[in-house]
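Protein sequences, first through last, are from chains A and B. Counting from 16, one number per residue, gives the positions in the first sequence under our numbering. Counting from 162, one number per residue, gives the positions in the second sequence under our numbering. Down below is the structure, laid out as structure tokens.
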Amino acid sequence: MTNRYVTGVVAAGLFLLVLGSRVAAHHSFAVYDHTQTFTVTGTVTRFQWTNPHGFLELDYRAADGSMKHYTIELTSINMLTRAGWTSRSVKPGDEIRAMVAPLLNGEPGGLLMELSFTDGRKLESPVPAPGTFKRTPEQELK
Amino acid sequence: MMMAANRVTTGVVATALACATALTAIVNAQTRPRSTPPNITGAWERIGPGALSTAQATGPRLPAATPPPLKPQFLKEWQARQQAAREATAKGQPFGINWVNCLPDGMPGMMSGPFPMEVLQTPGQVTIIQESFTQVRRILLDRPQKGIDEIDPTFYGHSVGKWEGDTLVVDTIGIKEPVQYQNVPHSDQMRIKERIHLVQGDVLWDEIAVEDPVTLEKPWTVTFAYRRMPDYTLLEYICEDNREYIDDQGRQRIRLQSPSQK
């Protein structure tokens, strides 16, 4: 009886975990590294206010001195709106510092964790289940 | 004589009482307004386990979510698929699902959120709009349900409902087979029964029972709770510029450039 109860509780718990993870991943963010973040500093070239997700693109100076391009995925703009963002929150030419979870496949793209501007303004990214991403902000993108 | 008089008196009193009761019933039926359905018009957001919102869950404790009671031949396949999906996600190569192609949930998935929804009560109809993918379902009130073979399958099916006291009781049929909640397979015989009611002033429950004589051993029950959002107006949601796609391996991928930039 007790065993059956415990098994039931464990099964229900596992099911909830699966359910929870599915809900958190509206459009899945599993393509991004959940074990580390990189910080990238550069100039915004494009701020795309669209669904299913918004995007931010920037140019930054790499360690070898060359200019590189980087694409940052945001959440749904509906979630951004509820988190206080607007379509005017970022503009091309803005100098930004972004903390991102990088793409696992090594391509130059990442998922935004948080964004700061040279004037000190900060914007949190309303990523679902943010606690599942380990933040290592000291790592600069080379 | 006395006894006879008493019997007569008792009979008269009983008849009078019976008449009075009948009269009261008739008068009540004619003058007492039919019970008014509760006002559930407005914006709502799912709360509780599995909700995207971080809003504090209130109201009674939800029944625990249970796996679908699929018949053995369907259960095995479903479990294997769920396991494969978990492994693919853990490897960073998630399976491409309908959302990746900007296809909406349909029923009953749209009732799971993830974004706020709006309920509109108008004469003869309750309309529910889910913000994500701008999903709309129409519940036709006090109409007979059609036969399953009279309906062309759709994402939201054909819903009829009626107020039973404070509960909106809804019956839905005609859901397209590829429209699946939690990847649970169903046949064209699937029927979704819902009991939508307030559990307290600002907390709404949708108790859902999915029936399918082909795939399920017994009804699969799921309950969602929602909190009222008095100051919220639903936002537009159009899949306008989708950089996500499903590759030939069935995996979700992302383009670093917008399709419109090319």
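For each residue, glycine too, the CB sits at the ideal point set by N, CA and C.
- When DSSP reads this structure, B:T315 sits in a beta bridge with B:I336.
- It is roughly 12 angstroms from the alpha-carbon of A:F132 to the alpha-carbon of A:M114.
- At a cut-off of 9 angstroms between C-beta atoms, B:P339 does not count as an interface residue with respect to chain A.
- DSSP places A:W64 in the coil class of the three-state scheme, outside both helix and strand.
- Considering only B:E405, B:S273, B:R389, the residue with the shortest C-alpha distance to B:L213 is B:S273.
- Taking a Cβ-Cβ threshold of 9 angstroms, the residues of chain A close to B:E401 are T65, N66, P67, in chain order.
- According to DSSP, residue pairing for B:E325 in a beta bridge involves B:T328.
- Beta-carbon to beta-carbon, B:G220 and B:A386 are separated by about 6 angstroms, close enough to satisfy the 8 angstroms threshold.
- A:G124 carries a strand assignment under DSSP once its states are collapsed to helix, strand and coil.
- With a cutoff of 9 angstroms on beta-carbon distance, B:V331 and B:E292 are scored as not near each other.
- Comparing alpha carbon positions, the residue from A:E72, A:G80, A:F62, A:A77 closest to A:S104 is A:F62.
- For B:L281, there is no enclosing alpha helix (DSSP H); the residue is found in the beta strand (DSSP E) stretching over 278-283.
- For A:F70, the nearest CB of chain B lies under 9 angstroms from its own CB, placing it at the interface with that chain.
- Along the segment 291-303 of chain B, the positions whose C-beta sits under 9 angstroms from a C-beta of chain A are E292, S293, F294, read in chain order.
- Each residue's CA atom was taken as its position, placing B:G267 and B:D373 some 17 angstroms apart.
- Listed as beta-bridge partners of B:K307 by DSSP are no residues whatsoever.
- Near chain B, meaning a CB-to-CB distance below 9 angstroms, the residues of the segment 118-135 of chain A are L118, L119, N120, E122, P123, G124.
- Sequence-distant Cβ neighbours of B:I407 in its own chain, meaning closer than 8 angstroms and more than five residues away, are G257, V261, N262, Q413, R414.
- The C-beta of A:V46 comes closer than 9 angstroms to at least one C-beta of chain B.
- In the DSSP assignment, B:T202 falls outside any alpha helix (DSSP H) and carries neither an H nor an E.
- Residue burial annotation: A:S140 is buried, with at least 16 other C-beta atoms found within 10 angstroms of its C-beta.
- Taking CB atoms only, B:S419 has a neighbour in chain A less than 9 angstroms away.
- Annotation: A:G121 to A:W64 spans about 25 angstroms, alpha carbon to alpha carbon.
- Collapsing the DSSP output to three states places B:V261 in a helix.
- By alpha-carbon distance to A:L73, the top candidate from A:V142, A:I87, A:T50 is A:I87.
- If you draw a straight line from the Cα of A:L89 to the Cα of B:E325, it is about 44 angstroms long.
- Sorting B:R352, B:G335, B:D327 by C-alpha distance to the C-alpha of B:H358 places B:D327 at the top.
- Interface annotation, A:M94: in contact with chain B, CB-CB separation under 9 angstroms.
- From the beta-carbon of A:S43, the residues of chain B found nearer than 7 angstroms are T250, P255, Q413.
- Interface annotation, A:E153: not in contact with chain B, CB-CB separation never under 9 angstroms.
- Interface flag for A:S140 against chain B is unset, since no Cβ pair is found closer than 9 angstroms.
- Within 9 angstroms of the CB of B:Y387, no CB atom of chain A is found; the nearest one sits about 14 angstroms away.
- Beyond the five residues adjoining it in sequence on each side, B:I309 comes within less than 7 angstroms, by CB distance, of I334, G335, D349, Q350 in the same chain, given in chain order.
- When secondary structure is reduced to three states using DSSP, A:W100 falls in the coil class, being assigned neither helix nor strand.
- Each of B:Q410, B:L417, B:E405 was checked against the Cα of A:S43, and the nearest Cα belongs to B:E405.
- Against chain B, the CB of A:E110 has no partner CB under 9 angstroms away; the residue lies outside that interface.
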